[in-house]
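Taking it in order: structure first as structure tokens, then the write-up.
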Amino acid sequence: MEICHKSSALQVHTFAFLSIPPDILFVKLYRHDIRNFLGKLTLRRAWNVAKIFSSYHLTRWLRRPVQWGLPMTISLEPTTACNLRCPECPSGLRAFTRPTGNLKEDFFRKTIDELHRELLYLIFYFQGEPYINPKFLDMVQHARSRGLYTITSTNGHFLNDENARRTIESGLDRLIISVDGTTQDTYESYRKEGKLEVVLQGARNVVKWKKQLKSKTPHLIFQFLVVRPNEHQIPEIYRLAEEIGIDEVKLKTAQVYDFEHGNDLIPTLKKYARYEEEKDGTWRVKNQLLNHCWKLWHACVITWDGLVVPCCFDKDALHRLGDLKQKTFKEIWNGADYGRFRSSLLAGRDQIDICKNCTEGCTVWAE
Ligand code: SF4
Ligand code: SF4
1 MEICHKSSAL QVHTFAFLSI PPDILFVKLY RHDIRNFLGK LTLRRAWNVA KIFSSYHLTR
61 WLRRPVQWGL PMTISLEPTT ACNLRCPECP SGLRAFTRPT GNLKEDFFRK TIDELHRELL
121 YLIFYFQGEP YINPKFLDMV QHARSRGLYT ITSTNGHFLN DENARRTIES GLDRLIISVD
181 GTTQDTYESY RKEGKLEVVL QGARNVVKWK KQLKSKTPHL IFQFLVVRPN EHQIPEIYRL
241 AEEIGIDEVK LKTAQVYDFE HGNDLIPTLK KYARYEEEKD GTWRVKNQLL NHCWKLWHAC
301 VITWDGLVVP CCFDKDALHR LGDLKQKTFK EIWNGADYGR FRSSLLAGRD QIDICKNCTE
361 GCTVWAE
């Protein structure tokens, strides 16, 4: 089950008009956040977005890969380490088959300096808990100085008073805090070793420093992944967010790996389920597996040690499209391995392990 704070935040409302996901129809507008995001859109970045968008649609029409642009967003992994023990997560299980470690600041700077002219926003998380990397906020500051909109997602256990202040000072634009339960029992049923009160206090610290420093950023989000054990707490998460002063609550639908014969985690409230029951009692994914993928055209993921992989579903970097220790990003993005992966997806998404049960084409954000 994907119940991680490592979610596809790029489909959040601010970007919907660029990503054109179906979610655009359901989004609520946050004016300051949108203005802030649009303020990052230089002519060169806009031109790049136009190139990606036209390449993607031309690809669908020709049914062969065309890519004229560079990614408008990347996810960069600050670390593979995590303090929690969530049972379905490679960081929580300490179960990676790839090398583990912390992103180094000089490698980060080199990558951002190569890409920032076209890049519009940086998703500063993949696996692991970002705040564990001691240089994390310095790196946010660097990305910010290059004019990027920066987003991170945290389990909220490191937002002590000092880190909360430094977060505001770093200029981070969006902070997603995972809160998947409003009581300790529900919360720790998945967030093993997590302490709900620490997370809530961390959120309060950030709100306090935001006010004290008179800052409009970061835009604060409580992300609540809806599963059967916590669905009854949905009204309560809204109440808590309001009480603390959080800007937004995002309810996220959960990906479940074993769904064919039902799964106790699939919510009973249909609106929050990615799966539906057939007449014969089996279950299926609600969305169709279409042989194209906007995410593959406009984004990519870079692991802490420089491996380039297609998207956040490749948690263990099984589809390595290049290594930034050996090549530049542009060489990788326009190289043969990337081309082959794009072609194989167009030929049959159901033939690629990570693409079979992914969220591309379905509603990730229920509200
Ligand atoms: S173990 Fe850490 S990285 Fe994994 S889901 Fe839990 S909080 Fe997220
Ligand atoms: S898993 Fe495949 S279809 Fe899904 S986002 Fe990644 S590349 Fe696209």
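Just so we're aligned, residue 1 is where the sequence shown starts under my numbering, counting upward by one. Idealized CB from N, CA, C, for every residue including glycine.
Open item on the list: Is residue 174 close to ligand 2? I mean its beta-carbon at under 7 Å from any heavy atom of the ligand.
Closed with: No, since every heavy atom of ligand 2 falls outside the 7 Å radius drawn around the Cβ of residue 174.
Open item on the list: Am I right that residue 160 and residue 133 are in contact with their C-beta atoms under 8 Å? What's the rounded C-beta distance?
Closed with: So it is not a contact: roughly 16 Å between Cβ atoms.
Task: Pairwise C-alpha distance: residue 341 and residue 355 - done: In this model, residue 355 and residue 341 are separated by some 11 Å (Cα to Cα).
Task: Neighbourhood of residue 238 by C-beta, 8 Å cutoff - its chain only, sequence neighbours within 5 removed - done: Cβ neighbours of residue 238 beyond the five flanking positions: 249.
Open item on the list: Please tell me whether, using a cut-off of 7 Å, the distance from the CB of residue 155 to the nearest non-hydrogen atom of ligand 1 is below it.
Closed with: Yes.
Open item on the list: Can you list, in chain order, the residues of its chain with a C-beta nearer than 7 Å to that of residue 137? Leave out the 5 residues immediately preceding and following it.
Closed with: Excluding residues within five positions, the ones whose Cβ falls inside 7 Å are 166, 167 and 170.
Task: Candidates 32, 42, 152 and 208, of which the one nearest residue 131 by Cα - done: Nearest in C-alpha terms to residue 131, of all of 32, 42, 152 and 208, is 152.
TODO: Within the same chain, show all residues whose beta-carbon is closer than 8 Å to that of residue 118, passing over the 5 residues directly before and after it, in chain order.
DONE: Counting only Cβ-Cβ distances below 8 Å, and skipping sequence neighbours, we find 44, 45, 48, 69, 70, 71 and 72.
Open item on the list: For a quick check, are the C-beta atoms of residue 217 and residue 36 less than 8 Å apart?
Closed with: In this structure, residue 217 places its C-beta atom within 8 Å of the C-beta atom of residue 36.
Open item on the list: Between residue 74 and ligand 2, is there a pair consisting of the residue's CB and a ligand heavy atom that are separated by less than 7 Å?
Closed with: No - ligand 2 has no heavy atom lying nearer than 7 Å to the Cβ of residue 74.
Task: Which listed residue (289, 83 and 347) has its alpha carbon closest to that of residue 193 - done: The option with the nearest alpha carbon to residue 193 is 83.
TODO: Please determine if the stretch 260-267 and the stretch 227-237 are in contact, where contact requires at least 3 C-beta pairs separated by less than 8 Å.
DONE: Touching, yes.
Open item on the list: In this structure, how does DSSP classify residue 257 when only helix, strand and coil are distinguished?
Closed with: Three-state result, residue 257: coil.
- [ ] Measure the beta-carbon distance from residue 79 to residue 129 and round it to whole angstroms, keeping in mind my assumption that it falls under 8 Å.
- [x] About 7 Å; that satisfies the 8 Å criterion.
Open item on the list: Below 8 Å, how does it come out for the stretch 91-110 and the stretch 327-338: are there three or more Cβ pairs, yes or no?
Closed with: The answer is no - the stretch 327-338 does not touch the stretch 91-110, with fewer than three Cβ pairs under 8 Å.
Task: Residue environment, residue 1, which counts as buried when at least 16 other CB atoms sit within 10 Å - done: Residue placement at residue 1 is poorly supported in this model, since its pLDDT is 43, which falls under 50; the coordinates still yield a value, given next. Per the 10 Å Cβ criterion, buried.
Task: Simplified DSSP assignment, three categories, for residue 61 - done: For residue 61, the three-state secondary structure derived from DSSP is helix.
Task: Same chain only: Cβ atoms within 8 Å of residue 77, ignoring 5 sequence neighbours per side - done: Excluding five sequence positions before and after residue 77, the CB atoms of its chain that fall closer than 8 Å to its own CB belong to 103, 125, 126, 127, 128, 301, 302, 303 and 304, given in chain order.
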